[in-house]
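Colleague:
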Amino acid sequence: MSKTLKTLPVWHEGELLLQQKVGVAERMASVGQRVIRDFMPDQHRDFYAQLPYIVVGSVDNRGDAWATFLEGRPGFMSSPSSTILNIAAKSDASDPASEGILQSQPIGLLGMEMHTRRRNRMNGTVSTSPEGIRIDVDQSFGNCPRYIQLRDFEFVRDPGETFSGTIEDLPALDDAARNMIVSADAFFVSSYVDREDRRQVDVSHRGGKAGFVRVADDGTLTIPDFDGNLFFSTLGNILLNGKAGLLFIDYANGDMLQMTGNAEVILDSPEIAAFQGAERLWTFKARRIVRRRNALALRWAFREDGWSANSLMTGDWAQAADRLRATELANQWRAMTVTKIVEESASIRSFHLQPGDGAGLLPHVAGQHLPIRLTVPGVDKPVIRTYTLSAAPSDGVYRISVKRDGLVSHHLHDVIHVGDTIETRAPAGDFTIDARATRAAVLLAGGVGITPMLAMLRHVVYEGLRKQRIRPIILFQAARSKQERPFDREIAELVNAGQGVVRLIRVLSDASGAEEGADYDAIGRIDMAMLSRHLPFNDYEFYVCGPPQFTQALYDGLRGYNIADGRIHAEAFGPSSLKRTLDTGVTAQSRRPPSTKPVPVAFMGSLKEARWTPESGTLLELAEARGLNPEFSCRQGSCGTCRAKLTTGAVTYIREPTAAIAEGEVLLCSAVPAEQETDEENRIQLEL
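Position one of the sequence shown corresponds to residue 0 (numbering that gives the first Met the number 0), numbered consecutively onward.
(1) Could you check which residue in Leu101, Pro144 and Asp538 has the C-alpha nearest to that of Pro129?
(2) Pick out the complete alpha helix (DSSP H) segments inside the segment 309-378, 4 residues or longer, and give them in chain order.
(3) Our contact map puts Pro451 next to Phe430 with C-beta atoms below 8 Å; I'd like the distance itself, whole angstroms only.
(4) Starting from the C-beta of Tyr52, find all residues in its chain whose C-beta is less than 7 Å away, skip the five residues before and the five after it, and write them out in chain order.
(5) With DSSP as the reference, please indicate the residues paired to Phe549 in a beta bridge.
(6) Quick one: is Val417 near chain D, going by C-beta distance under 7 Å?
(7) Do Val214 and Arg156 have their CB atoms nearer than 7 Å?
(8) So does the segment 156-174 actually touch the segment 273-284, counting three or more Cβ pairs closer than 8 Å?
(9) Mind checking which residues open and close the beta strand (DSSP E) that includes Gly244?
(10) What residue from Pro158, Arg465 and Met335 has the CA that sits closest to Ala425's CA?
(11) Going by DSSP, which residues form a beta bridge with Leu84?
(12) Ile683 and Ala569 look like a contact to me (Cβ under 8 Å); what is the Cβ gap, rounded to whole Å?
(13) Counting only runs of 4+ residues fully inside the segment 164-220, write out the alpha helix (DSSP H) ranges in chain order.
(14) Pull up the distance between the alpha-carbon of Asp419 and that of Asn252, whole angstroms please.
(15) To the nearest angstrom, how far is it from the Cα of Val192 to the Cα of Arg290?
(16) Residue range of the alpha helix (DSSP H) that Phe475 falls in?
(17) Where does the unbroken alpha helix (DSSP H) through Ala491 begin, and where does it stop?
(18) Please give me, in chain order, every unbroken run of the beta strand (DSSP E) with length at least 3 that falls completely inside the segment 106-159.
(19) Rounded to a whole number of angstroms, what is the C-alpha to C-alpha distance between Val441 and Met455?
(20) So Ser190 and Ala243 are supposed to be a Cβ contact under 8 Å. How far apart are they, rounded?
(21) Helix, strand or coil: how does DSSP classify Phe283 here?
(22) For Pro269 and Leu328, which I take to be in contact (beta-carbon distance under 8 Å), what is that distance rounded to the nearest angstrom?
(23) In whole angstroms, what is the alpha-carbon distance linking Ser615 and Leu621?
(24) In the DSSP assignment, what are the bridge partners of Asn261?
(25) What's the gap between the Cα of Gln148 and the Cα of Gly227?
(26) Closer than 6 Å by C-beta to Tyr539: which residues in its own chain qualify, once you throw out the five before and the five after it? Chain order, please.
(27) With distances taken from CA atoms, which of Ser97, Phe230 and Leu361 is nearest Ala391?
(28) Output the boundary residues of the beta strand (DSSP E) element that contains Ser57.
(29) Since Tyr652 sits in a beta bridge, which residues does DSSP pair it with?
(30) Terminal residues of the continuous alpha helix (DSSP H) containing Val501?
(31) For Phe187 and Val55, I'd like the C-alpha separation in whole angstroms.
(32) Enumerate in chain order the residues of its own chain whose CB-to-CB distance from Ala434 is below 7 Å, with the five nearest sequence positions on each side excluded.
(33) Express the C-alpha separation of Asp135 and Pro73 in angstroms, rounding to a whole number.
(34) Indicate the three-state DSSP secondary structure (helix, strand or coil) for Phe38 in the structure shown.
(35) Is there contact here, the segment 108-115 with the segment 194-209, by at least three beta-carbon pairs under 8 Å?
(36) Please look up how many angstroms separate the CB atoms of Tyr542 and Leu577, rounded, as I've assumed it's under 8 Å.
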């Protein structure tokens, strides 16, 4: 049958649009040619023959999609040829999906073995016989197993018995149906698309943590779409015709909740970022709901170790709601409770923080820093510092790892205990890493400069495991001595989890009491000579963090090796900004020169005025001289704590800031009034 069909492109318009949206259309064009077949490989044929059920997607006479199960003892499916699958089972007339499982009707199939996490999909056309149905293959392909929970099956009655359970047509989701949905860790979805000469029906599995489906008061379901195999068969179909059929199973008692209705793909929503692991969302609103009690002869028992690690890497709707509430507090100081304190080395201590105000944590990007505010005895006003977050965004906690060095760090080490609170603001900074990139990243950490690198490494490994492709990482970690080096065990675990693509080179200045190979890999300091011994200079991106001299020396050395400026990401600790040299042909961003004339400045929030002159210094210094107390930390343009809204006038910067500056914002610590381009007077107004 499949040989008489017109040969169509592998992917239809809906699938292609989504593949283009995520930038994989070119790659999927070649993948599709390899994995989407018009026949079943022998491995698939054998697989179907050992299954006790098959998931079926069909379309009724009204064009509504349904999903259901056909059951039988293993062997009830057989494949006499690579283009035919025989199923010795019939759907029950009470099943709303049965209307679409008739002669010459298009059908979608999903073979799934829950106790092995194997699954394959197929679509084709039905032929009926007294023994059951025959499927002539149109498309056959393997499928992603990552979100399947492990369950063992058994039959509680003969699967051939006529259904005699209760059938309920529900006008809306009742409490029992809602509870079934919100407690589910999996469901099945049927969809379809009409192509040039035929209809293609698809049925698929969706899994996550229990509760990953949200039910609104009006019955609308919202489902996060996690990283998968990039086929986008289901969502591509929904994108084109807006229809779907959903099936929820009670694995303990065999109840089936079947729904058909309207679906919509959501590509842009704050909830996408708020829901851990979500790449996009989709919604479903039922037009017809059928509950069939005790419909299945099969029962499944959840294994003790049954949770899919990929499912557990995803979030839940409660966490997403907390994160959305946290966005409303992004510009406020929030009280965080210290939940754990860990001695990482002789001089570095980690503080684990969780919100104490009932809202969630704002998601951060690996490598960002966290502004904190503390009241320190003997200091007349609260002090603000920024410390890099050493936790990954997926860790569900803020963790700062602080070296004992200075007033605030001594206060943290000596005074702060578990249960105390620390005020924080939203994480900030653009020294970050893209876990999805394929180019190998070289992380160069000096001393406590390991903190952003650890967050980056945790993030890259976590996302790589979740998406089944870990970005290659080479980490050089320098410390003065073994006793002062933090995170040994944690980094070793990440290297092991990295599946061979994460490499660690440990560097000690003083190897006293340490054993080469067991405790360190090189003696000295990280410099170009050491990098040349351990690193073949191929196609890398470099990330450098440590004391100012360490960072500048490595940056200059890498540039001397002709590494492009754009390939070197760097952040220095302490009151210093990195001096970069631009690539040939790249011009520096032009800024206006500072004003040479006095400029009136109005601080609108405090209703104060001042006159800036070239001797006044920065706008932060002018504000302080006028008796104001703007918040600040680094005073170098790197932390972003001193941001203020500029409502009138033009400014320029006496030092190039590294913190991100939004339109209409100014960093007070580095900004001064700019020279006017006309004779008109420059007047500065700040919301301060």
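C-beta atoms are modelled at their ideal positions from N, C-alpha and C, and glycine is treated no differently. Source: prediction; values computed, not measured.
Modeller: Taking the geometry as given:
(1) Out of Leu101, Pro144 and Asp538, Leu101 has the C-alpha closest to the C-alpha of Pro129.
(2) Fully enclosed alpha helix (DSSP H) runs of 4 or longer: 316-326.
(3) With a Cβ gap of about 6 Å, Pro451 and Phe430 count as contacting.
(4) So the qualifying residues of the chain are Phe68, Leu69, Glu70 and Leu297.
(5) Beta-bridge pairing links Phe549 to no other residue.
(6) Structure shown: chain D not included; a single protein chain is present.
(7) Not in contact: Val214 and Arg156 (Cβ atoms no closer than 7 Å).
(8) Of all C-beta pairs linking the segment 156-174 to the segment 273-284, fewer than three are shorter than 8 Å, placing the two stretches out of contact.
(9) Secondary structure note for Gly244: its beta strand (DSSP E) is the uninterrupted segment Lys242 to Ile248.
(10) Among Pro158, Arg465 and Met335, the Cα nearest to that of Ala425 belongs to Met335.
(11) Beta-bridge partners of Leu84 (DSSP): Ile134.
(12) Approximately 32 Å separates the beta-carbon atoms of Ile683 and Ala569; this is outside 8 Å, ruling out the contact.
(13) Taken in chain order, the unbroken stretches of alpha helix (DSSP H) that lie wholly in the segment 164-220 and span 4 residues or more are 174-181.
(14) Approximately 48 Å between the Cα atoms of the pair.
(15) If you take the alpha carbons of Val192 and Arg290, they lie about 26 Å apart.
(16) Phe475 -> not in any alpha helix (DSSP H); beta strand (DSSP E) instead, spanning Ile472 to Ala478.
(17) Start and end: Asp487 to Ala496.
(18) As far as the segment 106-159 is concerned, its whole beta strand (DSSP E) runs of at least 3 residues are 117-128, 131-141 and 150-154.
(19) Straight through space, the alpha carbons of Met455 and Val441 are spaced by roughly 11 Å.
(20) Their Cβ separation, rounded to whole angstroms, is 5 Å, which keeps Ser190 and Ala243 in contact under 8 Å.
(21) If DSSP states are grouped into helix, strand and coil, Phe283 belongs with the strands.
(22) Not confirmed; about 14 Å, so no contact.
(23) Distance between the alpha carbons of Ser615 and Leu621: 6 Å.
(24) According to DSSP, which records beta bridges pairwise, Asn261 is partnered with Lys242 and Lys284.
(25) Cα-Cα distance, rounded: 16 Å.
(26) Correct list, in chain order: Ala439 and Val441.
(27) Ranking Ser97, Phe230 and Leu361 by CA distance to the CA of Ala391 puts Leu361 first.
(28) From DSSP, the beta strand (DSSP E) with Ser57 extends over Tyr52 to Val58.
(29) Looking at the DSSP assignment, Tyr652 forms a beta bridge with Ala670.
(30) In the DSSP assignment, Val501 falls outside any alpha helix (DSSP H) and within the unbroken beta strand (DSSP E) covering Val501 to Leu507.
(31) A straight line joining the alpha-carbon of Phe187 with that of Val55 spans about 9 Å.
(32) Around Ala434, the same chain offers His458, Val459, Glu462, Gly463 and Arg470 as residues with beta carbons nearer than 7 Å, after the five sequence neighbours per side are excluded.
(33) Using only the alpha carbons, I get a separation of about 21 Å.
(34) DSSP places Phe38 in coil when its eight states are reduced to three.
(35) Touching, per the Cβ criterion.
(36) Actually they do not touch by this definition, with Cβ atoms about 13 Å apart.
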